[in-house]
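So the structure is just underneath, and the comments pick up after that.
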Amino acid sequence: TNFMETPTPSCDNLLTSQRRRDLLGTRNDPFGAFSQMFFRRAECNVENALATRQAIPRANPDHLRPIFDHYASKEKNGKKYMTPEDFIRKYLGLYTEDNYNKESVKILASAADTTKDGDISFEEFCAFEAILCSPDALYLTAFEIFDKNSSDSITCDEFEQIIRHTQPLHDMPFDFDSDFIKRYFGKEKKRSIGYHAFCQLLHDFYEEQGVQAFKRYDKAGDGSISSLDFQKIMTTVKGHLLTNFVRHNLISVSGGGASGHKFSFAHNQVTFPYYAAFNSLLGKMELIKRVYVSLTRGNFDLEVTKEEFLQATQSYAQITPYEVEILFHLSELAHPGVKSLSLTDIERIDPERLKRTSHLNRITNIKAVQSKDERGVGTAVLESAYRFALGSIAGACGATAVYPIDLVKTRMQNQRGGSFVGEVMYKNSLDCFRKVVKFEGLLGLYRGLLPQIVGVAPEKAIKLTMNDFVRDKFNTGGHIPLYGEILAGACGGASQVVFTNPLEIVKIRLQVAGEIQSPGNKIGVTSIIRDLGFMGLYKGARACFLRDVPFSAIYFPAYAHAKLALADDEGHNSPGSLFSAAFIAGVPAAGLVTPADVIKTRLQVAARAGQTTYSGVIDCARKVYAEEGFKAFWKGTAARVCRSSPQFGVTLLTYEVLQRLFYVDFGGIRPSGSEVSTHKTMLDESSLNPDHIGGYRLAAATFSGIEHKFGLFLPRFEVRK
């Protein structure tokens, strides 16, 4: 039976620790090691944790067996075993240097050596793979390393023996007779601690070492140390919290900022409040990121001021003004004179290494330039071409989705009253829809679709590309003023008219052709173009400008703000929120420009015998008002809103989703809400070695995580004497 099919034990049915050790003592029991892992997980108050979905699937023992046999070099009593070198150096590919530290390799290998006899059996190999799949694999692995006698508890001597081998303890002494140690292990240091207490100890230990180090360098006892001493403490005890940027700027940032004092390199003093705030800030970067994302609503290019950030932190008691002061002082070191904070600044400071990602799996993930500084004219042109291509596809999808509504809207707007006997053919939009289906069939609803797609694809592409292009020009520090948003939308609307007006007039004449077409007189694209001529194809162009410019000037700013309002707490827009934002923005934009759309339609539709003709926009507006009244300007409003809102909903949804799926980073500005900023997980650093299956894909990342999360840096090389 596959071990994954065995039921997960409940907390009410635990075996004793002695019984678990008895099981593990029987090397021939293939499930003994698994039993220990299962029961320990239950004792850690994570009831039935292994029954929950894991980040990475477990490996089948049948698949692990040949891998184990391949790397195991030791044999006892007919069974193969891995030595620490087999496991760490050969299999995991760690400490591969010739002058590797043998003690460090033994310590790391002890995480898998459950019986602590110096060798790793196949059962232990499988058990450690299960631990690596656990949600708290970092802490479980560290616990196994410190539990030197496999007693499911840690003594003070065990803790001290391992911790003294780490690099920070080599560089900075620690007082193991301190009150801190006695609070965990008792006054006589005879008390053992379990898994949960050990986790807390590991979390607090380097904080205590930092405090002890500060006291050691505070010779005068006045609560201050020199800038150089501050740098030494941070790079030794707190090195796991430092990025290269912070490491290189420790002298520059130390002691400055909030106090307003100016220091020289020789006399620069760091007070304990500053030291404590600096370390606290580095430990809160995930919370800092959350505040930033909440403040910017997913616009990762937005630069916020210190006042804005302080206001946003009012609901977070954990963040102090002193920490914010240090945060902005650090960020200013990257761009002197610019007192603002961006996500890029946070990424420079955060030791956990933030990543920007999309909830959708990207089909392509291309980085055209390494940084914004490399972005040139050619890159900008390629970006516009990229947007144009995706906009064309999005426009075609949107047009096809709502074309029947557009046809009904056009026929309702072209219906005239009072100028021609029997002209009123449709009572309302629903009646028009029914009659088209009845007399022309379902295909009648798609009459003129081909030229519509041919026209709409580049039309929407031009509009979207131009809007994005102009918005980029107005973007300063991630912020676009409202007038810039309006002007960008207006430019997008104006740019499309020159190209699309000829296609629009052909589409409209084909849409109304079913009303007047006789059996012997077939109306097609060629005949319409021949009748109109070149200049005729631009009939109603002024009305198109009158409609499309205000439409886009209203639509795109409304869409941008609706996106922000509908984004989640991480500032991310789901496909549903994208469609909703685009749909909502289309309602006022489409409704308010209906009069211009009516005039455009009247100018572009061929008048029949007895119907009123129009010489221009003003003449058309005057005659429509005189003959049909003010309400005539709002004919087809409902149909237009019902067509434009879902059409732009589909179009913008498709446009933004395509940018997420076919991701290309041109070093420009990404659509807001398209990405989320998260910390990299061990899955992001999983091994690609084909022999590393199941949890072993995360083994190297787990050992690395123990170093960088807890500061347990083990010496890599032997010390030459």
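Mapping to the UniProt record's numbering: the sequence shown position 627 is 627, numbers consecutive. For glycine and all other residues, C-beta sits at the position ideal for the given N, C-alpha and C.
*List the endpoints of the continuous beta strand (DSSP E) containing residue 271.*
269-271
*Tell me whether residue 714 sits in a helix, a strand or coil according to DSSP, three-state version.*
coil
*Are the beta-carbon atoms belonging to residue 122 and residue 695 less than 9 Å from one another?*
no
*Express the C-alpha separation of residue 108 and residue 224 in angstroms, rounding to a whole number.*
38 Å
*Tell me which same chain residues have a C-beta within less than 7 Å of the C-beta of residue 547, skipping the five on either side of it?*
593, 596, 597, 600
*Just reading off the alpha helix (DSSP H) that residue 408 is part of, what are its end residues?*
Run containing residue 408: 377-414, per the alpha helix (DSSP H) assignment.
*asked:* Pop quiz: residue 726 and residue 372 are said to be a contact at Cβ under 8 Å. What is the actual Cβ separation, rounded to whole angstroms?
replied: Given a span of 1 to 721 for the chain in the structure shown, any question on residue 726 remains unanswerable.
*Please list the segments of the alpha helix (DSSP H) lying wholly inside the stretch 292-354, counting only runs of 4 or more residues, in order along the chain.*
Those alpha helix (DSSP H) runs which fall completely within the stretch 292-354 and span 4+ residues are 306-312, 321-334, 343-349.
*Expressed to the nearest angstrom, what Euclidean distance is found between the alpha-carbon atoms of residue 706 and residue 320?*
28 Å
_Please classify residue 637 as buried or exposed, where buried requires at least 16 neighbouring CB atoms within 10 angstroms._
buried
*Near residue 398, which residues of its chain fall below 6 Å by C-beta distance, leaving aside the five closest residues on each side in sequence?*
647, 650, 651
*What residues in its chain sit with their C-beta under 7 Å from that of residue 363, if we drop five residues either side in the sequence?*
661, 662
*For residue 495, collect the residues of the same chain with a Cβ closer than 6 Å to its Cβ; drop the 5 residues on either side in sequence, then sort them by chain order.*
Short of 6 Å from the beta carbon of residue 495, and not among the five residues preceding or following it, lie these beta carbons of its own chain, in chain order: 462, 466.
_For residue 665, the residue or residues it bridges with in DSSP_ = 367
*Top-ranked residue by Cα proximity to residue 324, from 405, 218, 349*: 349
*Is there contact here, the stretch 377-384 with the stretch 434-453, by at least three beta-carbon pairs under 8 Å?*
no
*Using the Cα positions of residue 335 and residue 343, report the straight-line distance between them to the nearest angstrom.*
13 Å
*Taking the alpha-carbon positions, what's the residue 226 to residue 103 distance?*
About 35 Å.
*For residue 299, which option in 642, 571, 246 has the closest C-alpha, if you only look at C-alpha atoms?*
571
*If we count the other Cβ atoms within 10 Å of its Cβ and call it buried at 16 or more, is residue 711 buried or exposed?*
buried
*Near residue 429, which residues of its chain fall below 7 Å by C-beta distance, leaving aside the five closest residues on each side in sequence?*
408, 412, 638, 639
*List the DSSP bridge partners of residue 479.*
In the DSSP output, where bridge partners are listed per residue, residue 479 has 476.
*asked:* Could you tell me the alpha carbon to alpha carbon distance between residue 217 and residue 177, rounded to whole angstroms?
replied: 19 Å
*Which partner residues does residue 121 have in the DSSP bridge list?*
DSSP output for residue 121 lists no bridge partner at all.
*Given a threshold of 16 other Cβ atoms within 10 Å of its Cβ, counted over all protein chains shown, does residue 576 qualify as buried or as exposed?*
exposed
*In terms of residues, what are the limits of the beta strand (DSSP E) holding residue 686?*
Counting along the chain, residue 686 sits inside no beta strand (DSSP E), nor does DSSP assign it H or E at all.
*If you run the structure through DSSP and keep just helix, strand and coil, what is residue 75?*
strand
*Through-space distance from residue 114 to residue 141, alpha-carbon basis*: 11 Å
*Neighbourhood of residue 624 by C-beta distance below 6 Å, restricted to the same chain and skipping five residues each side*: 632
*asked:* Using only the alpha-carbon positions, how far apart do residue 657 and residue 117 sit?
replied: 55 Å
_Cutting at 7 Å between CB atoms, please list the residues of its own chain near residue 154, excluding the five before and the five after it._
146, 147, 192, 193, 198
*Can you find a CB in chain D that lies within less than 9 Å of the CB of residue 386?*
No chain D appears in this structure, which consists of one protein chain only.
*residue 429 lies in the alpha helix (DSSP H); which residues open and close that run?*
429-440
*Selection from 237, 195, 200, 201 that minimises the alpha carbon distance to residue 212*: 237
*Among the residues of its own chain, which have a CB less than 6 Å from the CB of residue 542, if the five just before and after it don't count?*
617
_residue 544 versus residue 241: straight-line alpha-carbon distance, rounded_ = 59 Å
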